[in-house]
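Written below as structure tokens is the structure these notes are about.
Residue numbers (my numbering): 119 to 640.
Laid out in structure tokens, this is it:
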């Protein structure tokens with residue numbers, strides 16, 4: 119039999135490879151299922167029940183995959199933590215998600231220890247201690263290998279399908295977890311939504327596919343694609359971090375058929391010497407999926423010339439809903455991100471919430487099914503993003519007369535750096551706390567490889583003089599408080615920032631001159 123789903127495959131084809139780690143560690147389906155079962159039994163013994171939360175700050179590897187399947191088979195919400203964050207940022211995620219268990223890797227030991235202490239302080243006397251496990255050695259953390267080690271072999275006592283709860287930022291600067299009600303489904307069954315989603319990209323169970331995961335698994339789409347690959351009977355090959363030549367080597371070595379990529383990775387592949395590119399066989403590729411950030415047209419044309427018509431683009435949201443466009447469609451409609459997925463709705467509305475005519479820009483609204491997500495602990499943000507049963511990410515775009523979506527701009531000021539979303543309000547909040555700063559604006563300016571880089575324009579407090587030394591001091595001030603990818607690359611000074619009498623900042627007046635001779639990412 120060929121029944122999809124991790125535990126079904128473990129029973130029917132136990133020795134089939136499920137996952138290959140960056141260090142070459144290989145788990146077959148029986149080994150992965152057994153490890154997930156052991157961790158799950160250990161979590162239940164600790165008292166975790168459906169609806170509780172586990173957070174994990176782990177690099178790509180078999181441990182992350184096993185922890186994920188352990189937690190989601192017993193009804194837990196799983197918060198994958200971006201390991202570029204600093205301790206205070208991780209502490210916020212632990213406290214906000216009410217995580218009862220935190221699993222970290224020794225690579226991030228200092229941040230993990232600081233985060234647990236910060237979460238404890240934030241919770242105060244009302245909070246419960248976070249149970250901690252580590253891959254490797256982290257002070258105050260028990261070895262992950264101990265989790266469930268004393269339990270009897272076998273399946274967990276109670277099983278019900280959990281879900282990821284990925285944190286996504288907003289214009290308020292504080293990230294919020296996208297949380298959906300648990301379905302009560304059987305974890306052994308392939309989720310219908312997962313089967314449907316893979317069907318969009320012509321990926322079917324047991325059809326000879328091999329997945330290559332070349333991005334961090336704390337990203338929503340990357341995590342979803344890798345875990346669904348395993349559920350579909352597609353071995354998942356994991357990279358620790360992206361390296362262009364290493365990706366080509368792994369495609370050749372494992373006869374990879376699909377991956378999930380961002381445009382920055384395309385650019386790095388194209389930057390390799392032609393002799394190096396031609397040294398590896400990539401003829402196995404069938405569908406290289408890309409999203410998360412706009413792809414420059416010329417970059418995409420070069421990738422299609424090299425790899426052939428196997429590059430599929432999509433536009434989507436963690437919250438649900440999206441569009442897809444094949445290579446053939448894109449060549450006929452360059453610039454489009456595609457038509458709405460089956461079951462998804464895309465509408466373009468004006469500020470009054472009314473539909474605009476075809477080819478007229480407006481705010482892009484999406485819906486996937488009933489769109490029953492919420493931003494954890496933030497009803498106001500949840501409602502602000504909605505019009506009826508539709509929601510928006512703040513993107514501006516239009517639909518042509520065939521229903522293809524084109525994006526024009528972002529109503530929000532989000533910056534996209536190599537496929538990673540950066541929200542200026544969070545950076546502005548930190549800079550505003552510096553005694554030399556009276557007012558500040560943060561925005562994206564062109565970067566040849568990453569698409570955008572972060573620029574800060576500062577209005578200084580009375581009596582403070584601008585200098586190169588002060589600009590460096592402000593950059594280092596942010597670096598101590600936020601993850602490296604959120605740190606401005608440069609700081610300029612202005613006598614006064616352009617604001618309306620009501621306080622609204624005309625950020626476009628500051629940003630637009632930088633984009634006069636460049637195409638701003640969307």
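Beta carbons: idealized from backbone N, C-alpha and C, even for Gly.
Report yes if the CB atom of residue 441 is closer than 8 Å to the CB atom of residue 455, and no otherwise. It is a contact, given that the beta carbons lie within the stated cut-off.
Three or more C-beta pairs below 8 Å linking the segment 186-196 and the segment 569-587: Contact fails: fewer than three Cβ-Cβ distances are below 8 Å.
What is the residue span of the alpha helix (DSSP H) that residue 608 lies within? Not the alpha helix (DSSP H): residue 608 falls in the beta strand (DSSP E), residues 608-611.
Can you look up residue 408 in the DSSP assignment and give me helix, strand or coil? Strand, per DSSP.
Going by beta carbon distance, what residues of the same chain come within less than 7 Å of residue 554, once the five residues before and after it are set aside? Excluding sequence neighbours, residue 554 sits near 578, 579, 582, 588.
Looking only at its own chain, which residues have a Cβ that is under 7 Å from the Cβ of residue 236, when we skip the five neighbours before and after it? Within the same chain, residue 236 has close Cβ partners 205, 206, 209.
Please return the same chain residues whose Cβ sits closer than 8 Å to the Cβ of residue 425, not counting the five positions on each side in sequence. Residues of the same chain with a CB within less than 8 Å of the CB of residue 425, apart from the 5 flanking positions on each side, are 400, 403, 406 in chain order.
In the structure shown, what three-state DSSP assignment does residue 232 receive? When DSSP states are grouped into helix, strand and coil, residue 232 belongs to the helix group.
Supposed close pair residue 413, residue 381 - CB separation, criterion 8 Å: Taking C-beta atoms under 8 Å as the contact rule, residue 413 and residue 381 qualify, at a distance of about 4 Å.
Considering only residues of the same chain and omitting the five flanking positions on each side of residue 604, which have a CB-CB separation below 8 Å? The beta carbon of residue 604 is closer than 8 Å to those of 540, 544, 545, 572, 596 in its chain, skipping five residues each way along the sequence.
DSSP state of residue 268, grouped into three classes? DSSP, reduced to helix, strand and coil, places residue 268 outside both helices and strands of the structure shown, so it counts as coil.
Which of helix, strand or coil DSSP assigns to residue 256: Note: residue 256 maps to coil in three-state DSSP.
CA-CA distance, residue 254 and residue 532? Their backbone Cα atoms lie some 36 Å apart in a straight line.
Extent of the continuous beta strand (DSSP E) to which residue 586 belongs: Where residue 586 is concerned, there is no enclosing beta strand (DSSP E), although the alpha helix (DSSP H) it sits in stretches over 586-597.
Assigned secondary structure, residue 372 (DSSP; H/G/I helix, E/B strand, else coil): Helix at residue 372.
So, for residue 430: in the same chain, excluding its five sequence neighbours on each side, which residues have a beta-carbon less than 8 Å away from its beta-carbon? Result list for residue 430: 319, 405, 406, 407, 408, 442, 443, 444, 445, in chain order.
Taking the beta strand (DSSP E) that residue 485 belongs to, which residues open and close that run? Residue 485 -> beta strand (DSSP E) spans 480-486.
Got a sec? Which residues, its chain only, sit under 8 Å from residue 627 by beta carbon, not counting five neighbours each side? Excluding positions up to five away in sequence, the list reads 616.
Between 458, 510, 298, which lies nearest to residue 520 when the distance is taken from Cα to Cα? For residue 520, the closest C-alpha among the options 458, 510, 298 is that of 458.
CA nearest to the CA of residue 601, picked from 339, 538, 611, 613: The shortest Cα separation from residue 601 among 339, 538, 611, 613 belongs to 538.
Could you check what DSSP says for residue 293 in three-state terms: helix, strand or coil? In the structure shown, residue 293 falls within a coil segment according to DSSP collapsed to helix, strand and coil.
What does the alpha-carbon distance come out to for the pair residue 288 and residue 294? In this prediction, residue 288 scores a pLDDT of 46, lower than 50, which makes its location untrustworthy; no coordinate-derived value is stated.
Residue closest to residue 322, alpha-carbon to alpha-carbon, out of 229, 338, 347, 372: Closest option to residue 322, Cα to Cα, is 347.
On the three-state DSSP scale, how would you describe residue 539? When secondary structure is reduced to three states using DSSP, residue 539 falls in the strand class.
Distance, residue 428 Cα to residue 156 Cα: Those two C-alpha atoms are separated by around 39 Å.
Between the alpha carbons of residue 161 and residue 609, how many angstroms are there, rounded? Distance between residue 161 and residue 609, taken at the CA atoms: about 47 Å.
Across which residues does DSSP place residue 577 in a beta bridge pair? Beta-bridge pairing links residue 577 to 557.
Is the separation between the beta-carbon of residue 300 and that of residue 198 shorter than 8 Å? Their beta carbons are not under 8 Å apart, which means residue 300 does not touch residue 198 by this criterion.
Pick helix, strand or coil for residue 421, following the three-state DSSP scheme. If DSSP states are grouped into helix, strand and coil, residue 421 belongs with the helices.
Using C-beta distances below 6 Å, list every residue in its chain close to residue 183, excluding the 5 sequence neighbours before and after it, in chain order. Counting only Cβ-Cβ distances below 6 Å, and skipping sequence neighbours, we find 137.
Note down, in chain order, each residue of its chain lying with its Cβ closer than 7 Å to the Cβ of residue 356, except the 5 sequence neighbours on either side. Hits under 7 Å: 137, 138, 139, 140, 178, 179, 331.
Could you pull out every residue in the same chain whose Cβ sits closer than 8 Å to the Cβ of residue 379, ignoring the five residues on either side in sequence? Around residue 379: 332, 333, 406, 407, 408.
At a cut-off of 7 Å, would you count residue 169 as near the ligand GDP, judging by its Cβ distance to the nearest heavy atom? As far as ligands go, the structure on display features none, and thus does not contain the ligand GDP.
Stretch-stretch touch, CB-based, cutoff 8 Å, three pairs: the segment 461-477 with the segment 335-350: Verdict: no, contact absent.
Cβ-based burial, residue 591 [other Cβ within 10 Å; buried from 16]: The residue is exposed, with fewer than 16 neighbouring Cβ atoms inside 10 Å.
In angstroms with no decimal places, state the Cα-to-Cα distance between residue 248 and residue 230. Using only the alpha carbons, I get a separation of about 12 Å.
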